Structures are given as structure tokens and as C-alpha cells.
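Just so you know, the protein sequences line up as chains Z and A, in that order.
Residue 354 in numbering that gives the first Met the number 0 sits at position 355 of the first sequence, with consecutive numbering throughout.
Residue 411 in numbering that gives the first Met the number 0 sits at position 412 of the second sequence, with consecutive numbering throughout.
Ideal Cβ positions, reconstructed from N, Cα and C, are used throughout, including at glycine.
Everything numeric in this text was worked out from a predicted model, so none of it was measured.
Number of protein chains: 2
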Amino acid sequence: MKEISGGVVAAKGFQAAGIRVGVKASALPMEEQTGEGKKDLCMVLSDSCCSVAGMFTTNQVKAAPVRLTREHIASGYGYGVIANSGNANACAPNSRLHALEMCRAAAEATGHQPEEFAVCSTGVIGQELNVKAILEGTPRLVAALHADECASDEAARAIMTTDTVKKEIAVETMVGGKRIAVGGIAKGSGMIHPNMGTMLSFVTTDCAVSPAMLDRMVHEIVPRTFNRVTVDGDTSTNDTFLVFANGQGGNETICQPGEDYESLKEALMYVCTQLARKMAADGEGASRLITCLVEGARSEETAERLAKAVVGSSLVKAAMFGADANWGRVICAMGYSKAPFRPEYVDIKFASSAGEVLVCQQGNTVAFDETLAKKVLTQPEITIAIHVHDGDSSAECWGCDLTYDYVKINGDYRT
Amino acid sequence: MKEISGGVVAAKGFQAAGIRVGVKASALPMEEQTGEGKKDLCMVLSDSCCSVAGMFTTNQVKAAPVRLTREHIASGYGYGVIANSGNANACAPNSRLHALEMCRAAAEATGHQPEEFAVCSTGVIGQELNVKAILEGTPRLVAALHADECASDEAARAIMTTDTVKKEIAVETMVGGKRIAVGGIAKGSGMIHPNMGTMLSFVTTDCAVSPAMLDRMVHEIVPRTFNRVTVDGDTSTNDTFLVFANGQGGNETICQPGEDYESLKEALMYVCTQLARKMAADGEGASRLITCLVEGARSEETAERLAKAVVGSSLVKAAMFGADANWGRVICAMGYSKAPFRPEYVDIKFASSAGEVLVCQQGNTVAFDETLAKKVLTQPEITIAIHVHDGDSSAECWGCDLTYDYVKINGDYRT
Numbered sequence: 000m001k002e003i004s005g006g007v008v009a010a011k012g013f014q015a016a017g018i019r020v021g022v023k024a025s026a027l028p029m030e031e032q033t034g035e036g037k038k039d040l041c042m043v044l045s046d047s048c049c050s051v052a053g054m055f056t057t058n059q060v061k062a063a064p065v066r067l068t069r070e071h072i073a074s075g076y077g078y079g080v081i082a083n084s085g086n087a088n089a090c091a092p093n094s095r096l097h098a099l100e101m102c103r104a105a106a107e108a109t110g111h112q113p114e115e116f117a118v119c120s121t122g123v124i125g126q127e128l129n130v131k132a133i134l135e136g137t138p139r140l141v142a143a144l145h146a147d148e149c150a151s152d153e154a155a156r157a158i159m160t161t162d163t164v165k166k167e168i169a170v171e172t173m174v175g176g177k178r179i180a181v182g183g184i185a186k187g188s189g190m191i192h193p194n195m196g197t198m199l200s201f202v203t204t205d206c207a208v209s210p211a212m213l214d215r216m217v218h219e220i221v222p223r224t225f226n227r228v229t230v231d232g233d234t235s236t237n238d239t240f241l242v243f244a245n246g247q248g249g250n251e252t253i254c255q256p257g258e259d260y261e262s263l264k265e266a267l268m269y270v271c272t273q274l275a276r277k278m279a280a281d282g283e284g285a286s287r288l289i290t291c292l293v294e295g296a297r298s299e300e301t302a303e304r305l306a307k308a309v310v311g312s313s314l315v316k317a318a319m320f321g322a323d324a325n326w327g328r329v330i331c332a333m334g335y336s337k338a339p340f341r342p343e344y345v346d347i348k349f350a351s352s353a354g355e356v357l358v359c360q361q362g363n364t365v366a367f368d369e370t371l372a373k374k375v376l377t378q379p380e381i382t383i384a385i386h387v388h389d390g391d392s393s394a395e396c397w398g399c400d401l402t403y404d405y406v407k408i409n410g411d412y413r414t
Numbered sequence: 000m001k002e003i004s005g006g007v008v009a010a011k012g013f014q015a016a017g018i019r020v021g022v023k024a025s026a027l028p029m030e031e032q033t034g035e036g037k038k039d040l041c042m043v044l045s046d047s048c049c050s051v052a053g054m055f056t057t058n059q060v061k062a063a064p065v066r067l068t069r070e071h072i073a074s075g076y077g078y079g080v081i082a083n084s085g086n087a088n089a090c091a092p093n094s095r096l097h098a099l100e101m102c103r104a105a106a107e108a109t110g111h112q113p114e115e116f117a118v119c120s121t122g123v124i125g126q127e128l129n130v131k132a133i134l135e136g137t138p139r140l141v142a143a144l145h146a147d148e149c150a151s152d153e154a155a156r157a158i159m160t161t162d163t164v165k166k167e168i169a170v171e172t173m174v175g176g177k178r179i180a181v182g183g184i185a186k187g188s189g190m191i192h193p194n195m196g197t198m199l200s201f202v203t204t205d206c207a208v209s210p211a212m213l214d215r216m217v218h219e220i221v222p223r224t225f226n227r228v229t230v231d232g233d234t235s236t237n238d239t240f241l242v243f244a245n246g247q248g249g250n251e252t253i254c255q256p257g258e259d260y261e262s263l264k265e266a267l268m269y270v271c272t273q274l275a276r277k278m279a280a281d282g283e284g285a286s287r288l289i290t291c292l293v294e295g296a297r298s299e300e301t302a303e304r305l306a307k308a309v310v311g312s313s314l315v316k317a318a319m320f321g322a323d324a325n326w327g328r329v330i331c332a333m334g335y336s337k338a339p340f341r342p343e344y345v346d347i348k349f350a351s352s353a354g355e356v357l358v359c360q361q362g363n364t365v366a367f368d369e370t371l372a373k374k375v376l377t378q379p380e381i382t383i384a385i386h387v388h389d390g391d392s393s394a395e396c397w398g399c400d401l402t403y404d405y406v407k408i409n410g411d412y413r414t
């Protein structure tokens, strides 16, 4: 898979923009530190009609923009998305109306229909959205649309909340003999969990693919990428993943599973995996990306449940912050996952660029070099590699360590 | 319910002791600060045979002492318990043997049978237990048994790990016209969750009750007390709750449900509730006890699931640390609990000794006095009171805030 530049506008026919309209009234702490992310309104738009597919939060409390977007993309077609940061437009007065107004403003400024737009919001829950600022700013947002390299950067920054880095990636691949591009942006750092806690991600491609095939692909990919990230176990009211495919790459439209389907899926999987890992690494206050790889499980589902329990354990996360090879907490987390395994078969290794160290064999402690373990665990990317010797299935989940800064960021986010 | 002194030896015929034998080789951080808890071997013993009942961890990885104790109390009878802190005797060499050896040593020093003893361990997982120190110390432990007021205190301290305060309570009540006492001790601060994450609790009573009725009572009480505490979502390998009833109170033995059963149950419920609250308040690094009360639910199970999700949310916990009235995180946690409720019916209040403040009505934001909210939320005990207007059931769950100290304590516990 060849990475290319351009992010969400790497594919032909897409434009993007990110501007500041004033939804983020007071700058958030992280932004003060980095001077970034103060943009708060974003658009990604195709100049021709797209096949659209998406997946959304499983939280029972669904924000108005999530509900509206589901209705709008039910047709399988659309042109783009308008999104704001700084306010989730959830559990707040007039939230449905405000989400509608955002789509109408986007439609009016672009010459499309409101129902051809998806709409997303991220930020504080329970405060009325300053929709006036958004409606007034939308013509300026549309005027700012472009496809230069920095367009993706601008759009990515405009959806950031407590994120410390913007997240974008693009790749190119061959589908049906044509060069096609797949690229995307994402935001998400706190509240990221199995089912896409407060994350937004918009992916574009110039591949030609039917809405049905795109939807099928999304449902295969999201559970293995975004849903395998856990930061703090909370899922949000606003999580949204959207993919737009405008067909300008010139391949024969993918209308059924087969070689072309697999080629596009591979590229989309790569893009989503990288975005998911970037989100895990940017978990609120995180200092380390933690990957938990479970191998030898009797099913992929079992492997995933075990891996998720490990990267989701507050005690494991705190031990990783302290670079403490406390594998007892790893096997303990596996134990309460409810996934089947035999403790007496379990091997556990810690690995990183500094090497690897076996700490548990057949469920029991083994002598290991504490100095090496410390060296391994003080790297920015750690893998907890578990073998359960019970089958041939495996899964990888991503999370981060639990730090003082997580508590700091979340102890006073709202004020 | 009248509280009395004496803790786990308040009931007639019980003795207790706590001594230091050296299992805790290096003092744990909290102990260095408080100068307390360095004791590491505990016994509670009745001078006549008891009805015994218990509940244990649901973690698939069960420590050897948990497995052995379940076998030993299967008869429904026993004399007491021997317990060490500093090492969990889990996932470590010879753990089954060492648990057996502890029971044998206790039996030998007291003149009973090994299977008449329960055995518990709490502490680090994956390191071989220094059983030699325990075996050598057991005669001294038994010699130290007494029923003075400080016996309960000594025993409570000997099972502490990262606990900052010892936990004990006793009450007296009337059963069948006789005055009977119920008292207990507990340890637990980290890893406390729905299903009794690393907690030990031993309760004694001089009430006469059959093993079957005692077992039934325990299964009614534990799910409503210890299982409603959550500190960090992790459950441990060693959780154990045991109750010993020696019948010396002279009431007619409770052999079936009825008035006497309810009287004893009420006292036991009170003792377990107080011990559970003490554990929540002493969550690792906690600065506040958080009670979540859910009312108006369609079933008790629904109320409990909603309340547990709220007190278990890292984001809610961090907001409570920051005294931030961020009710959006409360409704968001309810939303991912999977328990049925209608967001648009939900009212949320924050309450404490400083007053109460309504922050959400019918699922929507309401104007509230931020100064008052800050005052309410800076108290040591906070209640998040939720009404879901969907039925008549309610439940209360307990947790604590998430603080810098939680991260500190758990970032380097093992070394």
C-alpha cells in the first residue's frame, strides 16, 4: 500500500475547508498550549455525486446530527459533510432544528439539496449550539473550499477538540486496472471505545463502487479498526464514520464482491487502521500507544474481547504509564473479559523497538530481566503480545496509557 | 440499626488477630505515608463451629485460595479464616500447595481440621508466595488471638494493601427475641467493580442460622452491596466475601424465610452496605465518595445498570475530581449502559451536604447556578441523583472520583 499526500482531498474531485466561526467560544486547554485547532467548522465536498456509507455511535443517546445524517445517507448517495467542533449539539435545545439548519446552509451555499449533506458535531453535550455563527460562516466556508495539499490539514484541524495532533492519511492502489486514491481525516482522543466513542472520521475515494458494496465494506472494516480502539471505555453520543466514493477514478463500478472489491477494501482497511492507531496514540493525556495482540484464540471474537479487555483496563493502562511489567494485571483483565481461554496456557510478552521480554509462560511467572523490561516499556509504542494456545485466530486492539494529564484534561473540560 | 463497637469480634465467641510475618517485603507506598498496614497475616476464629457462606470473584482467573476456600466451605460449616496481604498467591508457582499449607498451619495451631478453614490472599499477582514466613508465623498469629476491642482493628489492618483506612463496623439487632450482633472487616480500594474486584470481607455473627439460609441471604445481599461498588472497572482474581454464624446468640436457629430471617438480613445488609461505601470512598487516590441513585426505573436491574455505568465512567469520575457539573457525561454514560430508558424523560441533580442543584430536566439542559454547583461538588460525598420517569424501581451504586493519585498509585505498584 503506497502512502501519498493529500489526506481527504487526495482522491480526484474532492475539496475541503476548515475555518473559524466562533462555536468554540473559549479556547480549550490543549489549544492554548499548541495554538492549533481553533478552527471549528469543516466541510468536505465532492464535485460529483457520491456513493455514501457510514457507521454511527451505538450509544442510546444519539445526538441530533447523528440521527439526521442516518436519514440523509439512507438513499446511499450524497455530496459531502458539514461538521463543527466545540459543541456536540446533543441533549440541548433545538438540536434537531440546528442540525437541519446546518444542512440547509450547506445546500444553499453549494447549490445542492439539504438531504445530500451529512452533518456532524463534536464537543460539549448539553449546551445550545451557536448555530447563528455557523449559518453566517457557511458561505465563507464554501468559498474556502479547495483541493490543495493544506485543504485536508485545515479540515482535520476544524474537527479537533482535545486532540493534540490532527489525523490524516491517504493511499493509492489499483482497482480494475485504474489508479485510485483513498484518503481521510479523523478526530478523537477522549471517550474512544469499542463502538467509536467520540470520534469523527471522513474518508473519500475516487473509486467507483455501488452504495450497497460500500456499505458492506464499511461494516466489515469498522469493527476491525475504529471499534478496536479504546481510550477510556466511554462511548459518545456523536460518533460518526462516513465514506464518500465519487467514481472519478474511472474503474468499472464495483457492484459485487470479487477482486476489485477486495482491492478497495484493502486500501480502505489500511486508511482506517492508520487513523484508528493515530486516535489511540492521541488518547487524552496519553504518552504511549499500546497495542494488544492476542494470538492462538479459538475465534477472532474471543481474541478481540481478550485484547480489548487488556487495553481497556485502567490498571494495565496505569502500569504502562509507569513502565511497570505488571503482567498479573494483564491476565486479570483477560479473566474478567468473559472470553473463553485457559489461564494455564497463556504466554505474555512485552515488546517494543527496544526488544521483547517474556514475562509469563503457561500462566505462570517466569524470571525476566527487569532492566530490559523497563527499557522495552519506556518506548512510545508498546505491544502486549499474548498467546493463548487454544486455536488459530488473532486480533489486535489499540489503546494508550493512563496518565496524570488524562485526569487533568477531563477534570475540567467544560469550564 | 444500632452501631456498636467491636467490628469482627463484636459477636460472641469470635476472636481475631493481625500480625506482621514479612510477606510484605517492601512496604507499599501508602503504608510509607501512613505508617499503617504493615501487618500482613490475619485470622478470624470462632470458638464453636459456624454456619459459613461466601461469594467469590467471577474472574475466570481464580487464585488458588479462592478455589480452595470454595471447596472448604462447600460443607456449610467451618471455624474461621486465615488471610495474608502483600501477595495474591495467584498465577504463581505452587499456589495451590501454599494455600493448602496455610490451612494446615491454621488447623494445627488451633486444633481443628484444614478443611474447617477458609484461606485468602491479596496483593501482587504472579510472584511466588513467601509461605515459609506465614507457616512460621501462624503459631504466633494464633497465640495473638483475642476479643478485645483492638482485635478487629489489628485484623482489618493485616489485610490492607493500598487501602488508606481500615474498614470495620458492627451493629446489634433483635432476632427471635434475642440480642444478636453482626460485625465485619473489609479491605479493598483499587480494582473494585461490579463483581467484587480485589476485595476481602469477613463478617461474623452470633445469630443461629442454617448454612442454607445464610447462603441464600448472602446471595441476596452481595449483589446489592459489594457488587454495587465500582472503582476502576477491573475485577480481581482473589475477591472473597465470607460470613460466619456461630449461633451463640441463643436465638432459635433460622431454618426458613420469615421474620427472623428478615431481621438478620437487615443487619447483614446494613453491615455490608457500610463496608461497601467505605471501600468506594477509599478507592485508590479517591478524594470523593460518589453515590449514584437512579429512581423511576422500570426494574431494579435497569436502575442498577444505569447507576453503575455512571459511577464507572472515567469521564464522570474525572469531572467529579474537577468539581465540574458536566451532566452531559452522566447521560452519555447512561446511554452506553445498554439499559433501557428514554433520554427525553431524564432529570439529573447533583447533591451533597452543601445543597442540591438540578442540571438536566427532561433530557435537556436547564439554567443553573454554577457557583452553587461548584459548592455542592467540592464536598467529600456527592450524590448524582437521576430520575428516569419510567417506573417505580431504584438502585444506588457507589464509586469515587478519578485523581492524579490513582494514576500515581497504579503506575508503579509492583516495584
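What residue does the beta strand (DSSP E) around residue i start on, and which one ends it?
i                    : result
lysine 23(A)         : No beta strand (DSSP E) holds lysine 23(A); DSSP gives it neither H nor E.
threonine 370(Z)     : That residue, threonine 370(Z), is in no beta strand (DSSP E); its alpha helix (DSSP H) goes 369-376.
aspartate 147(Z)     : Here aspartate 147(Z) belongs to no beta strand (DSSP E), and DSSP marks it neither H nor E.
phenylalanine 116(Z) : 116-123
Can you tell me the Cα-Cα spacing of residue i and residue j, whole angstroms?
i                : j                 : result
serine 94(Z)     : alanine 207(Z)    : 35 angstroms
valine 310(Z)    : glycine 334(Z)    : 13 angstroms
aspartate 46(Z)  : isoleucine 289(Z) : 39 angstroms
lysine 316(A)    : leucine 305(A)    : 15 angstroms
arginine 223(A)  : isoleucine 133(Z) : 48 angstroms
glycine 17(A)    : alanine 154(A)    : 4 angstroms
valine 123(Z)    : asparagine 325(A) : 9 angstroms
valine 221(A)    : alanine 394(A)    : 14 angstroms
methionine 29(A) : threonine 161(A)  : Because methionine 29(A) carries a pLDDT of 46, less than 50, the predicted location of this residue cannot be relied on, and no value is offered for it.
glutamate 115(Z) : glutamine 247(Z)  : 18 angstroms
aspartate 404(Z) : methionine 159(Z) : 18 angstroms
glutamate 369(Z) : glycine 79(A)     : 39 angstroms
aspartate 281(Z) : isoleucine 381(Z) : 14 angstroms
valine 202(Z)    : glycine 21(Z)     : 26 angstroms
In chain Z, which residues lie less than 8 angstroms from residue i when you measure between Cβ atoms?
i                 : result
leucine 305(A)    : By Cβ distance, chain Z contributes nothing, its closest Cβ being about 10 angstroms from leucine 305(A), past 8 angstroms.
valine 406(A)     : Ala317, Phe320, Leu401, Thr402, Tyr403, Tyr405, Val406
proline 342(A)    : Gln59, Val60, Cys90
tryptophan 397(A) : What tryptophan 397(A) touches in chain Z: nothing, since even the nearest Cβ is about 17 angstroms away.
cysteine 359(A)   : Cys90, Gly125
Which residues in chain Z have a C-beta closer than 7 angstroms to the C-beta of residue i? List them in chain order.
i               : result
glycine 334(A)  : Asn58, Gln59, Val60, Thr236
arginine 295(A) : Residue identity check: residue 295(A) is glycine in the sequence provided, not arginine. Going along chain Z, no residue has its Cβ under 7 angstroms from glycine 295(A), so there is no contact; the nearest lies around 16 angstroms.
Can you name the start and end residues of the alpha helix (DSSP H) that residue i belongs to?
i                 : result
methionine 101(Z) : 94-109
threonine 161(Z)  : First-last for threonine 161(Z): undefined, no H or E at that position.
histidine 71(Z)   : 63-72
lysine 131(Z)     : 130-142
Going along chain A, which residues have a C-beta under 8 angstroms from residue i?
i                : result
threonine 364(Z) : Cys90, Ala91, Pro92, Gly125, Gln126, Glu127
glycine 85(Z)    : Neighbours of glycine 85(Z) on chain A: none; closest Cβ ~13 angstroms, over 8 angstroms.
Given 7 angstroms as the limit, tell me if residue i has its C-beta closer than that to any heavy atom belonging to the ligand GDP.
i              : result
proline 379(Z) : In the structure shown, the ligand GDP is absent, as is every other ligand, since no ligand is present at all.
Measuring CB to CB, does residue i end up less than 8 angstroms from residue j?
i                : j                 : result
leucine 128(A)   : asparagine 86(A)  : yes
alanine 150(Z)   : glutamine 14(Z)   : yes
alanine 169(Z)   : glycine 398(Z)    : no
glycine 327(Z)   : histidine 386(Z)  : no
leucine 376(Z)   : alanine 322(Z)    : yes
serine 298(Z)    : glycine 390(Z)    : yes
lysine 11(A)     : aspartate 259(A)  : no
alanine 180(A)   : isoleucine 347(A) : no
threonine 301(A) : serine 392(A)     : yes
Using a cut-off of 9 angstroms between C-beta atoms, extract the partners of residue i located in chain Z.
i                 : result
glycine 79(A)     : Ordered by position in chain Z, no residue passes the 9 angstroms Cβ test against glycine 79(A), which lies about 27 angstroms from the chain.
isoleucine 330(A) : Val60, Ala89, Cys90, Ile124, Gly125, Thr236
Could you say which of the options lies nearest to residue i if we only look at CA atoms?
i                 : options                                    : result
isoleucine 81(A)  : Pro92(A), Ala73(A), Thr109(A)              : Thr109(A)
alanine 91(Z)     : Glu107(Z), His71(Z), Thr121(Z), Ala117(Z)  : Thr121(Z)
isoleucine 383(Z) : Lys337(Z), Pro342(Z), Pro339(Z), Ala318(Z) : Ala318(Z)
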